[in-house]
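Take the sequence shown: its position 61, counted from the start at 1, is 861 in my numbering, and no numbers get skipped.
Everything below concerns the one structure shown next.
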Amino acid sequence: MASIFTKIVNGEIPSYKIAETEDYYAFLDINPLAAGHTLCIPKKEVDYIFDLDDDTLAGLHLFAKKVAKALETCLPCKRVGVLVIGTEVPHAHIHLIPFQHEAQMAITSIKASISKERMAEIAQQVSTQYETMNT
């Protein structure tokens with residue numbers, strides 16, 4: 801059975817897409833810890849990040865790096881933090897979280913309330929920046 805992330809990649813579930821390549825997909829988390837909280841996933845459905853083959857794992861991190869650079873260009877933040885928890889959805893993924901304070905990186909924190917309009921605005925802005933930086 802396909803994970804929710806595979807359904808997002810396949811267009812069965814809508815997302816606020818940030819970036820996409822042949823092998824990877826990045827989209828805004830719908831339960832964000834901060835504005836711009838993004839998930840980067842391989843399109844290949846593998847549950848545990850350390851079960852990815854070496855090339856896919858390395859490629860995912862390089863893809864996430866490019867997405868993080870676009871995020872920090874578009875959103876005010878001290879840094880873009882990286883979390884890999886891997887228990888919420890059975891599909892390997894990396895959380896990129898633009899933060900001002902380290903406490904924003906706690907995955908169990910109260911989620912940020914961000915309107916659909918602001919989510920769409922962030923997705924468009926970061927997606928455009930990603931494309932500009934990677935063409």
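Note that CB positions come from ideal geometry on N, CA and C, so glycine has one too.
Provide the residue span of the beta strand (DSSP E) that contains His895, from first to last.
His895 -> beta strand (DSSP E) spans Ile894 to Phe899.
Could you check the C-alpha separation between Val884 and Thr838 for me, to the nearest Å?
So the alpha carbons of these two residues sit roughly 12 Å apart.
Closest residue to Glu917 among Ile808, Lys807, Ala835 and Asp854 (Cα-Cα distance):
It is Ala835.
Selection from Met801, His901, Gly859 and Lys865 that minimises the alpha carbon distance to Asp847
With distances taken between Cα atoms, Asp847 lies closest to Met801.
Could you tell me which residues DSSP pairs with Tyr824 in its beta bridges?
Pro842.
What does the Cβ neighbour count give for Phe850, buried or exposed, with the cut at 16 atoms within 10 Å?
Exposed, because fewer than 16 other Cβ atoms sit within 10 Å of the Cβ of Phe850.
Taking the beta carbon of Gln900 as the centre, do at least 16 other beta carbons fall within 10 Å, making it buried, or is it exposed?
Exposed: under 16 other Cβ atoms inside 10 Å.
Does the separation of the CB atoms of Ile830 and Phe805 fall below 8 Å?
No; because the gap between Cβ atoms is not below 8 Å, this pair is not in contact.
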